[in-house]
Amino acid sequence: MKSNPEQKSYTVKEATLKLMQYCAYRDRSHKEVEEKLREMRMIPAACEQIIMQLMQENFLNEERFARSFVRGKFRIKKWGRVKITQELKLREISSPLIKMALSEIEEEEYYNTLNELAEKKHALLKEKDPYKKRGKLTNYLLQRGYESSLIFEIINNFKF
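Numbering follows UniProt numbering, in which position 8 of the sequence shown is assigned residue number 8; successive positions increment by one, without gaps.
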């Protein structure tokens, strides 16, 4: 991060309003808000005051963020629980909150999505060697963040 002498300085009120807009656009984690405040070069006391106000006025809600993150990454990007959990940990979300947020994914929908991904990838693989094809399909699903036990359960139903 370069220090720019012409960078705008914000009053607490201006920074609060800017962060309210930032949080209203989509749910944010505490870490994202803290990074934004750091970019704005706010002093720690002001940061604390702004974060408290955002939480009191429900602009910043870690549980809501975690739940919407899980729903979005699963339904839109079709990520598995492993990858979603890793990403939430990177955003410094607590384990109990991660566990609660993962409950947004229904078991049947999760299994069906994994099966659908596996079928699509299996059809696209041009590999002739059945062992290599199985390996490529497994690696693909692991990269998507699905549990190896579920992957093997699904792959065992395929003809290679």
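Virtual Cβ for every residue (Gly too), placed ideally from N, Cα, C.
Annotated three-state conformation of Met42 is coil, per DSSP. For Glu92, the closest C-alpha among the options Glu35, Glu57, Asn58 is that of Glu35. The beta carbons of Val70 and Tyr146 sit no closer together than 8 angstroms. The C-beta of Ala45 has fewer than 16 other C-beta atoms within 10 Å across all chains shown, which makes the residue exposed. Rounded to whole angstroms, the gap between the alpha carbons of Ile76 and Cys23 is 21 angstroms. In the structure shown, Lys132 falls within a helical segment according to DSSP collapsed to helix, strand and coil.
Secondary structure in the UniProt domain "RecX third three-helical" (108 to 155): the alpha helix (DSSP H) runs of 4 residues or longer, each lying completely within the stretch, are 130 to 143, 148 to 155 in chain order. Apart from sequence neighbours up to five positions away, no residue of its chain approaches Tyr110 with a beta-carbon distance below 6 angstroms. When rounded, the separation of the alpha-carbon atoms in Asn156 and Gly80 is 19 angstroms. For Lys73, the enclosing alpha helix (DSSP H) has its first and last residue at 62 to 75.
Distance between Asn139 and Gln21, taken at the CA atoms: about 40 angstroms.
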